[in-house]
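Report on one structure; see the data block that follows.
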Amino acid sequence: MNKTQKNLPRVARWLIRQIANRDETDAIVGDFDEEFSDCVDSHGPFRAHLLYWRLILVSFPSFIANLFSWRGAMFKNYLTVALRNVRRHKGFSGINIVGLAIGMAASILIAIFVLHELSFDRHHEKADRIYRVVAQFDPGGEKKGAYTVPPMAQAMLNELPEVEQAVRLSLWPSNDLVRYQDNLFLEKGIIYADASIFDVFTIPFVLGDPKTALVEPRTIVLTKDIAHKYFGNENPLGRSLKFEDKGRDFKITGVIENCPSTSHFQYEMIASIISTRTAFDTGWGGHTYFTYIVLKDRNARPQLEAKLPDFCRRHWGAHNYAQTGQTYDEYIKDGKNYYGFSLEPLSDIHLNSDVVDYLSVKGNKTYVVVFSMIALFILLIAAINFMNLSTARFAHRSKEVGVRKVLGSSHKQLVRQFLGESVLLSLCALVFAILFVNIALPPFRNLTSRQLELDLFQSVYVLPVLVGFAILVGICAGCYPAFFLSSVQPARTVKGSGQHNSKGNVFLRRALVALQFAVTFGIFFGTFVISQQLRYVRTKQLGFNKEHVVVIHRADALGKEADAFKQELLRDPSISVISDTESLPGRHFNDNSHRLEGRPATETPTLHTMYGDHNFAKLLDLEIVAGRYFSPDIPTDATSAVVINETAVKELGLTDPVGKRFYKEFGGAKEGEFVTIIGVLKDFHYNSLHYEIFPMIIRPLSPSTWNFTSVRIGTENISKTLARIEETWKTFTGGQPFEYSFLDEDFDNLYRNEQRMGQIFFLFAALAIFIACLGLVGLISFTAEQRTKEIGIRKVLGASVSKIIYLLSREVVVLVCVASLVAAPVAFFSMHKWLENFAFRIGISPLMFVLTALGTLAVALLSVSFRAVKAAQANPIDSIRYE
Amino acid sequence: MKDLTLTEEMILWAVWKLEANAYGVTIRKQVSARTGRIFPYGTLYGILAKLCRKGHVTKRISDPTPMRGGRSRNYYRITSRGREALKAAMELKKTLWDEESELVLGEK
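Just so you know, the protein sequences line up as chains A and B, in that order.
For the first sequence, counting from 1, position 118 maps to 118 in my numbering; every step adds exactly one.
For the second sequence, counting from 1, position 76 maps to 1076 in my numbering; every step adds exactly one.
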């Protein structure tokens, strides 16, 4: 009889060992073995295997149930102890949980924001194959523009086999007055698109057929909300909307779902692009449309890109040759000029774009990265706090650990107990965090101007991820105290040598506190620099007077009534100047190439072009450094005079600019007609301070370029003046909506992105600092408590209150200083990088570092003194007697 | 004293029946033979531990047997308390089942 052969298979035995009751294991394995060998004897090895695997499987559930009932008893004890501890140290646990909850809430909020930013344009089914074709103006690809020429989409579709589908979108912000019977609204969300838009992008239809919706001219598709606005619950298909400004009817051919907030182009109505004349343009000169293409194969991008230079030479090159007599290769030869096309993946447009596209919803990758980092930092601070406080408190419990060990607790069990406890607290914190997030979400939504949601049941992942995250934080934060405590020598603790703090423990805690302060310092510094820069851009002298100017939009709606309207307004003494313009400072200026008389045809520098009437300089108090501004009394001023700024003089290399002449047509191709420079304006910041001042030219306004009428009003009774302007507007336009803004507000809006991000930054900075302070308060109260006796004895021996406070806070001062030194270089470099976004910016001075360090110190001392004073003032009798 | 559950009762009965030879293998086989189904060890040891705690049986760990790869057996003996419980269970059963019910149930 061979014994070894008749033993249980190894796997089976191992399995049994894993699940069997701890103190019965041997007997159980023995029983299995015995039965097995019996069975081999009577039924043969094969049947025995079969039978015994069956037996093991059947035993499984009951073994596991036993396991739990055993562990359960211990678990109940752990839970009781944990809850008792929470209850006994209410303040301590409160600080611990609330701190962690705030940290979690902040990082959940930021995570929602970041995920939302990353989800842009991912809802299109073909997202990974959609590219935007952009025009490139330099060989390195630094200057790119999203606007492309009308015939390009069709040409690509015809000539490049990699392209499956192409679409043109006209996203110029256009305001149209739209009427259906009595419903008259000013619509701002109208875009124009080729019929293929529904093949390229995923835009679900509620009513109508996507195949035919935009095939005909003057057809339009509405979103659900807009359809409801005009037609209520009626079926809008087949009805028409009248576009008042164009005087044309658009037939409704479809209703689509509302535009998702994560689309880089926003729309409320999509009209067929062939309703506009530009759509039929065959010239390759006018950049008006966004062009998107779908590739047949997602890997075909390099292949297609290789063909683009040739494509560009064929079309744009021919166009350029006809205009200037220069072939494409000659044009790009010296590296000064360039024109080409490149592709931009759809998923890059929102966050990762280096293309100038003037889209209204624009992401910023830097902010996403910075916020993710802040979230991480806040979480780090919160976790460090949690860890510090837990370690401090667990040190109080070394006696418990000792007793548990003496009674037979294993190392593993203790680690499990403490880890479990910290996970429990962190799960509690998660519950609070979700509560905080729900409270903070509405204001946060405003702040970020994004449709952010926290829907716990939106996907199966949300809750498990959150809980997993809390457990992870709990384990990370609890792991140090757990391992540190479970390795305590029971003899020492039980003998009553009391709370002992090993050197390493104290050092680690100090290092963690220093790390917290380093982060606090960094955040303080960032906040400081950002607020200084924002104040700088808001208060800097711009070279023109932007205060008290009312800008009337869509002023061309006045038509022939314009003069009468102005006459009427000027009767009001509080209105001093009225000026008509095409654009205004802070708004978009067109780029046009200009050629000076007598210069070669290839020398055509680009100037920012604006059209304005003779009152424009007076309206903004612009300063003239040479010559004069347009005058109503000189008839040629209205046709053939221009004014340029100082930068343009420099750029053109002129010494005596007044009297010099430009070719009237842009680019200077047509001979014969000229415009004369009659004056030079002192440079003024007509653009945001992100940018240098560009060379600029003002041309006389013609009715076709007229967009805005601006009114300088008095400083008093602004609302009354506004009401009068509106009333006058209504009488002269036949009741059209009055749309206006203030120039200074428009200008401030240029920094809206920074301001908004600044506010978010401040908010989270405040949170981070708050959490750090909470942690400090907790820690100092722990130290004070531990040193109660020492403080009492010192007081009895004559120490003053201030001495004791000094004793308690000395350490914190040192830590803050060290932390500041460590954090300063990092803070400097990151803020320096941020400031580089601005062409005009503040310098970072050493004083800022000192102030920040002092601020950090003040905050630290404030939170310390909170508890230190109390400890120092305590009656020594109580403290000495405390055992 | 709480009544025994049916499984407890069966195991206790097997321990009583097996007298000096009651250990894992024999108890399990005894019960299995009566019910005609495989009786899992998990349940067996869970309930034996419970019976021990309640004081119905006592446990004795034998010397290692070579037959079991050098592992010992856990022998169980019924205590007087266990006997009482078993007896009470039997009495309870008797009150439930008389000849009449056997006739009626048997017909069905």
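Yeah, the Cβ is synthetic: ideal placement off N, Cα and C, and Gly gets one too.
Following the DSSP letters along the chain, one finds residue 92 of chain A in no beta strand (DSSP E) but inside the alpha helix (DSSP H) bounded by residues 90 to 118.
For the 8 Å CB-CB criterion, residue 241 of chain A and residue 250 of chain A form a contact.
The beta-carbon of residue 1035 of chain B is placed no less than 8 Å from the nearest beta-carbon of chain A. Comparing C-alpha distances from residue 1072 of chain B to each of B:1063, B:1019 and B:1080 shows the shortest one belongs to B:1063.
Short of 7 Å from the beta carbon of residue 780 of chain A, and not among the five residues preceding or following it, lie these beta carbons of its own chain, in chain order: 808, 864, 867 and 868.
Not flagged as an interface residue toward chain B: residue 490 of chain A, since no C-beta distance is shorter than 8 Å. DSSP places residue 745 of chain A in the helix class (H, G or I) of the three-state scheme.
Neighbourhood of residue 1076 of chain B in chain A, by CB distance below 9 Å: empty, with the nearest CB roughly 10 Å away. Look at residue 26 of chain A here: in three-state DSSP terms it is helix.
Under the Cβ criterion (8 Å, minimum of three pairs), the stretch 586 to 596 of chain A does not count as touching the stretch 711 to 721 of chain A.
Counting other Cβ atoms within 10 Å of its Cβ, residue 322 of chain A stays below 16 and is therefore classed as exposed.
The distance from the Cβ of residue 880 of chain A to that of residue 793 of chain A is about 7 Å, consistent with a contact at the 8 Å cut-off.
The shortest C-alpha to C-alpha distance from residue 171 of chain A to any of A:159, A:621, A:180 and A:194 is the one to A:194.
The count of Cβ pairs closer than 8 Å, one atom from the stretch 521 to 532 of chain A and one from the stretch 850 to 862 of chain A, reaches three, so the stretches are in contact. Judged by beta-carbon spacing, residue 680 of chain A lies within the 8 Å limit of residue 627 of chain A, meaning their Cβ atoms are closer than that value. CA-to-CA, the gap between residue 586 of chain A and residue 516 of chain A works out to about 41 Å. Listed along the chain, the chain B residues whose CB falls inside 7 Å of the CB of residue 42 of chain A amount to none; the nearest CB is some 12 Å away. Inter-segment contact for the stretch 329 to 340 of chain A and the stretch 137 to 146 of chain A is present: three or more beta-carbon pairs are separated by less than 8 Å. Within chain A, no residue has its CB atom less than 8 Å from the CB of residue 1083 of chain B, the nearest being about 24 Å off.
For residue 455 of chain A, no Cβ of chain B is located within less than 8 Å of the residue's own Cβ.
Residues 166, 168 and 291 of the same chain have their beta carbon placed closer than 6 Å to that of residue 153 of chain A, with the five preceding and five following residues left out of the count.
In terms of CA proximity to residue 489 of chain A, A:405 leads the group A:509, A:859, A:405 and A:778.
Chain-ordered, the chain A residues with CB closer than 8 Å to the CB of residue 1071 of chain B read 26, 27, 29, 30 and 33. Relative to the Cα of residue 344 of chain A, the nearest Cα in the group A:144, A:450 and A:76 belongs to A:144. Beta-bridge annotation (DSSP): residue 373 of chain A is not paired with any residue.
Residue 842 of chain A sits in coil when the DSSP states are folded into three classes, being neither helix nor strand.
No Cβ of chain A is located within less than 8 Å of the beta carbon of residue 1011 of chain B.
By DSSP's assignment, residue 549 of chain A forms a beta bridge with A:712. Contiguous alpha helix (DSSP H) elements confined to the stretch 1002 to 1087 of chain B occur at 1006 to 1018, 1024 to 1035 and 1041 to 1054, taking only those with 4 or more residues. Contact annotation: the stretch 110 to 130 of chain A does not touch the stretch 311 to 326 of chain A, with fewer than three C-beta pairs closer than 8 Å. For residue 1015 of chain B, the closest Cβ of chain A is not nearer than 8 Å.
The C-beta distance from residue 261 of chain A to residue 451 of chain A rounds to 4 Å, short enough to fall under 8 Å. Remark: C-beta atoms of residue 569 of chain A and residue 725 of chain A approach each other more closely than 8 Å.
In this structure, residue 690 of chain A keeps its C-beta atom at 8 Å or more from the C-beta atom of residue 482 of chain A.
For residue 229 of chain A, there is no enclosing beta strand (DSSP E); the residue is part of the alpha helix (DSSP H) that begins and ends at 224 to 231. With respect to residue 532 of chain A, residue 842 of chain A sits close: the two C-beta atoms are nearer than 8 Å.
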